[in-house]
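Trainee: Quick one: structure below, then a few questions.
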Ligand code: SF4
Ligand code: SF4
Ligand code: SF4
Ligand code: SF4
Ligand code: SF4
Ligand code: SF4
Ligand code: SF4
Ligand code: SF4
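Protein chains in written order, with my numbering: chain A, 1 to 178; chain B, 1001 to 1274; chain C, 2001 to 2115; chain D, 3001 to 3361; chain E, 4001 to 4122.
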């Protein structure tokens, strides 16, 4: 009869959480709700209520204090759901990478489906990302993805040292220069 | 037979009104807005969504709210007694309020509280409305009211008061403190999810059917006038929604009770003397 | 920018005498880690409607010292004091820890003191 | 039943962009106590500024403290470094800096106003202001190549030049914005439901403003003359027509009006900047490493921003202390909430225009 | 209040401000600060860009088969992570051969999906 799955794509409700961003990306999310970009065209509503949301927009590199809340919100959202990391700093930590109170990106904690880069992203990119997120949402099963434990193995592949380590290495070089 | 069909498709009509309203609202805000059938897309999605049950009462009360509301709408369409309609409607609101109180979330409580207060604010107007109709038609039966000529002129003040009820029921500013997305995240709705939220969502559509059906009673047997009233009020309500901010619940009660009671009384007194 | 040296013992009197809420604006409480596990603590004030009139009262303190609170004189200092406690791990009278840092964060990140 | 209830607001809440948690202790719906937790966004930028980045890259890092006043952060920092290096930048660079500073103020104030409206339940106004704000965003994109994080300022000047044809284009756009802002003033002063929501709500008296060291529009709405633009001579604000905007009521309405008037003033300043844009270079190379200590302040959209920089003649600095506007307003905020109705809390909160991103750094 | 009322009414008959974004693409300004692009042939491997980059989005890492360029003495390969980049353009300003070896294009930053492992490796 009906294929209910196709409706997922047409009525994605979003939940937005700021896990320590600079607000730059948050105001762009707000701007994409504004008349010029009007996310409501796609049926998107900013619900602010995890229990009724399908898309989880996370900004910010995840600070120590916000991580519990992040996971809590993720778990409260009913399946199927898609997590979208908005902005460079929620993808990889961005400029905050390696600071002592941040965790270098949302995917250290919860499985992220779409990464939107840019610092700050623009509404245009957010729409691109959401469109991609909707494709994924349509295919998703209802089984829960486990929130991943901190720090997946990020070390070498193909004999290349990890970015994290080389970043540290660069830092050392800088010190030597002085 | 026709009536039975109308009763069954009542939620769909409500959904269409709601969808249309969202488009109109968006256009008033200078943006494109969602597609017309958006509420049905939402419905499809919500059915598909995993539902988290907080506690059985909560979910059941939500469904009861929807079912009683449907019965209310059916009663109006079938031309039953107006008083029954109003009391049944009260019952459905009470289910919602109970649902709000049955969970731990503080926002749900506040929402339920506000819902309760708004019931106090608009219920007298509805009852006076029924009395008004009784005074004119000599009967509470909706079928009788529908067979008589338009009564909007005799009940003009009550009609004005009823406009405020529409704003409250449809959660339109300035009288939308019960939902207040920015303060209490939707109030009573907050803990519902998936299919259960779906019932609440459809109840909202029925609410549209309910108020606009009541509105059409003012037009009596004149269908064209009824339709005209619906269109006129529909736009008026949305324009006001887009021109005002939300007022606080205590202001709401004050304003609605004051204006509503004076207008209602005025009208009733006038009616009984004429 | 004027710097006035004070000590932890007389800082409260100095500020009490100096601070006039209608004239001076309390900017912030600042700390600077110095060598030898010393910390310079600065109370910074600026004058309303004057060109860059800034007064810094500073004191050099050691790791174990307890800094007196000035919240009763300047109520808005409360938040800077809490931040100072977190960042430098130096006790300030009546200010609790935990404004920013959690149990498992790096503690007293800006301090030069050894744990 | 317990007499009071605790209503949490945050850390994730639709009326908040940022994670901050307020716990309102309420009697019925009246707030009798507030507890706030502002540490959700603490990232450790001050620490990183002295351990991870060299002084010439920090301008881009501190800009990421806050997206709304990124320009103020990088400008204040850069000004501090320029003072330490002891160089003078060209007049044109100064003008361009002011231009961007004021544009940023305009868009930030517009965002705040629209947010206040939304939190007051006036969605149409929110959409209207947000829609018009896009014009400013477009101007900013024209000028700097990005909508939010401008990365426009570097030590010694600015990164991009502005040619005459673009300047003209911008002047035309600013005129449109001005007309729109005049329209808002009308709404904010005459709308019945807004006045019910805003007038007399969340008031801060002048004495309290002094006592809690309020800053920015919050203080100016209470009649306290504090605006850093009035107290520094590092950038030629007066030359470009800066006038301080104050109000005396101290309630939400007054704050909105102060912001609206400031937008008008800033538009005027932008216009003057564009019309009087001097010729010349936009960049002067400054040599050396920062040594010594310096304290610089600048007026961000939300009030006074202060940087204390201490350098030891190396490329790593010794101390960067950032005091942000919202941070020092928190005592005043908490004070205002007490005695108000919970239903007003989101609107009051938005009227402070808090930015927790910078509070916790 | 009547002004807003009227405004809402007139808006009803106006063309909405909304742009149809994914359907009609947005033309990017030529000065838009987009992706950093690199030309291996022109690079002189001075590593100034790597040092200037605040978040460390540009890295030269030693790999087994480095690109051949006589300047490349250490056997390095350029790596750029657009998900880490903050598009500040510092690298271009630091580069001795801007617009030849390294430049900022006006292309939009990319959108990644889970399989890209944007945060995992490198
Ligand atoms: S990506 Fe950049 S602009 Fe966006 S939140 Fe992170 S630091 Fe701010
Ligand atoms: S309080 Fe609500 S969210 Fe928490 S366990 Fe109970 S039902 Fe679940
Ligand atoms: S609202 Fe949040 S904190 Fe409160 S009961 Fe539900 S889940 Fe728990
Ligand atoms: S108040 Fe905010 S944080 Fe708490 S449950 Fe509701 S949405 Fe979540
Ligand atoms: S109050 Fe202002 S700064 Fe705070 S979240 Fe709202 S718009 Fe952003
Ligand atoms: S208050 Fe802080 S975070 Fe907000 S705009 Fe100003 S400096 Fe940025
Ligand atoms: S633009 Fe900035 S962040 Fe990106 S690679 Fe260049 S220096 Fe690094
Ligand atoms: S700075 Fe330019 S030339 Fe030097 S390594 Fe980088 S890209 Fe190559």
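Positions of the beta carbon are idealized from the N, C-alpha and C atoms, including for glycine.
Who are the neighbours of residue 38(A) on chain B, taking C-beta pairs under 8 Å?
Mentor: In chain order: 1026, 1031, 1032 and 1033.
Trainee: Leaving aside the five residues before and after residue 3098(D) along the sequence, list all residues of the same chain whose C-beta is less than 8 Å from its C-beta, in chain order.
Mentor: So the list reads 3235, 3236, 3237, 3240, 3269 and 3273, once near-sequence residues are dropped.
Trainee: Tell me whether residue 149(A) is buried or exposed, calling it buried when 16 or more other Cβ atoms sit within 10 Å of its Cβ.
Mentor: Unreliable positioning characterises residue 149(A) in this predicted model, as indicated by a pLDDT of 48, which lies under 50. A coordinate reading is not provided.
Trainee: Is there a Cβ from chain D that is less than 7 Å from the Cβ of residue 1148(B)?
Mentor: No, its Cβ sits nowhere closer than 7 Å to a Cβ of chain D.
Trainee: Kindly say whether residue 3344(D), judged by its beta-carbon, lies nearer than 7 Å to any beta-carbon of chain E.
Mentor: Not closer than 7 Å to any Cβ of chain E, the Cβ of residue 3344(D) fails to qualify, so no.
Trainee: Could you tell me the alpha carbon to alpha carbon distance between residue 51(A) and residue 83(A), rounded to whole angstroms?
Mentor: Whole-angstrom Cα-Cα distance: 14 Å.
Trainee: Closest by CA to residue 97(A), which one among 4066(E), 4094(E), 4091(E) and 4056(E)?
Mentor: That would be 4056(E), whose Cα lies nearest to the Cα of residue 97(A).
Trainee: Can you check whether the CB of residue 24(A) is closer than 7 Å to the CB of residue 3067(D)?
Mentor: Contact flag set, yes.
Trainee: Looking at C-alpha atoms only, which residue of 3027(D), 3054(D), 3156(D) and 3332(D) is the closest neighbour of residue 3089(D)?
Mentor: Nearest of 3027(D), 3054(D), 3156(D) and 3332(D) to residue 3089(D), Cα basis: 3156(D).
Trainee: Quick one: is residue 4054(E) buried, meaning 16 or more other Cβ sit within 10 Å of its Cβ, or exposed?
Mentor: Residue 4054(E) should be labelled buried.
Trainee: Check for me: the beta strand (DSSP E) holding residue 3077(D) runs from which residue to which?
Mentor: Unbroken run through residue 3077(D) is the alpha helix (DSSP H), 3070-3085; no beta strand (DSSP E).
Trainee: Kindly indicate if chain D contains any beta-carbon less than 7 Å away from that of residue 1245(B).
Mentor: For residue 1245(B), the answer is yes, since a Cβ of chain D falls inside 7 Å of its Cβ.
Trainee: DSSP state of residue 1141(B), grouped into three classes?
Mentor: If DSSP states are grouped into helix, strand and coil, residue 1141(B) belongs with the strands.
Trainee: By the DSSP assignment, the beta strand (DSSP E) with residue 3293(D) in it spans what residues?
Mentor: Segment 3291-3300, the beta strand (DSSP E) holding residue 3293(D).
Trainee: The beta strand (DSSP E) with residue 3160(D) in it runs from where to where?
Mentor: That residue, residue 3160(D), is in no beta strand (DSSP E); it is neither H nor E in DSSP.
Trainee: Taking the straight line between their C-alpha atoms, what separation do you get for residue 152(A) and residue 2054(C)?
Mentor: Its pLDDT being 44, under 50, residue 152(A) is placed unreliably by the model, and nothing is read from it.
Trainee: Please decide whether residue 4058(E) counts as near chain A, where near means a Cβ-Cβ distance under 7 Å.
Mentor: It does not: the Cβ of residue 4058(E) has no partner Cβ on chain A nearer than 7 Å.
Trainee: DSSP three-state label for residue 1121(B), please.
Mentor: Helix, per DSSP.
Trainee: Spatial neighbours of residue 3199(D) within its chain, please: C-beta separation below 7 Å, excluding the five flanking residues on both sides.
Mentor: These residues qualify, in order along the chain: 3251 and 3253.
Trainee: Under the three-state reduction of DSSP, which class applies to residue 1071(B): helix, strand or coil?
Mentor: Helix.
Trainee: For residue 4090(E), report the span of its alpha helix (DSSP H) as first-last.
Mentor: 4090-4094 is the extent of the alpha helix (DSSP H) around residue 4090(E).
Trainee: Short of 8 Å Cβ to Cβ, which residues in the segment 62-86 of chain A face chain E?
Mentor: Flagged: no residues at all.
Trainee: Which residues bound the beta strand (DSSP E) around residue 2028(C)?
Mentor: Note, residue 2028(C): beta strand (DSSP E), 2024-2033.
Trainee: Could you spell out where the alpha helix (DSSP H) holding residue 3037(D) opens and where it closes?
Mentor: No alpha helix (DSSP H) holds residue 3037(D); the beta strand (DSSP E) holding it covers 3030-3037.
Trainee: Please return the same chain residues whose Cβ sits closer than 7 Å to the Cβ of residue 4035(E), not counting the five positions on each side in sequence.
Mentor: These residues qualify, in order along the chain: 4082, 4105, 4107 and 4109.
Trainee: Between the segment 12-30 of chain A and chain D, which residues of the former have CB atoms less than 9 Å from a CB of the latter, in chain order?
Mentor: Answer set for the segment 12-30 of chain A: 15, 16, 17, 18, 19, 20, 21, 22, 23, 24, 25, 26, 27, 28, 29 and 30.
Trainee: Classify residue 3308(D) as buried or exposed, calling it buried when 16 or more other Cβ atoms lie within 10 Å of its own Cβ.
Mentor: Residue 3308(D) should be labelled buried.
Trainee: Quick check: what's the CA-CA separation for residue 130(A) versus residue 91(A)?
Mentor: Distance between the alpha carbons of residue 130(A) and residue 91(A): 15 Å.
Trainee: Any beta carbon of chain D sitting closer than 7 Å to that of residue 2028(C)?
Mentor: Cβ-Cβ to chain D under 7 Å: yes for residue 2028(C).
Trainee: Return helix, strand or coil for residue 3152(D), following the three-state DSSP convention.
Mentor: Coil.
Trainee: Considering only residues of the same chain and omitting the five flanking positions on each side of residue 1097(B), which have a CB-CB separation below 8 Å?
Mentor: The residues are 1112, 1115, 1116, 1119 and 1188.
Trainee: So, do the segment 3276-3284 of chain D and the segment 3204-3211 of chain D have three or more beta carbon pairs nearer to each other than 8 Å?
Mentor: Flag = no, the segment 3276-3284 of chain D and the segment 3204-3211 of chain D do not touch.
Trainee: Please report how far the alpha carbon of residue 157(A) lies from the alpha carbon of residue 4079(E), in whole angstroms.
Mentor: Note that residue 157(A) has pLDDT 40, beneath the 50 cutoff, so the model's placement of it is unreliable and the number below is only indicative. If you take the alpha carbons of residue 157(A) and residue 4079(E), they lie about 14 Å apart.
Trainee: Determine contact between the segment 71-86 of chain A and the segment 115-129 of chain A, defined as no fewer than three beta-carbon pairs at a distance below 8 Å.
Mentor: Segments in contact, yes.
Trainee: Do the segment 1080-1093 of chain B and the segment 1002-1021 of chain B meet, that is, are 3 or more Cβ pairs less than 8 Å apart?
Mentor: Verdict: no, contact absent.
Trainee: Looking at ligand 7, does it come within less than 6 Å of residue 3049(D), judged from the CB to the closest heavy atom?
Mentor: For ligand 7, not one heavy atom lies less than 6 Å from the Cβ of residue 3049(D).
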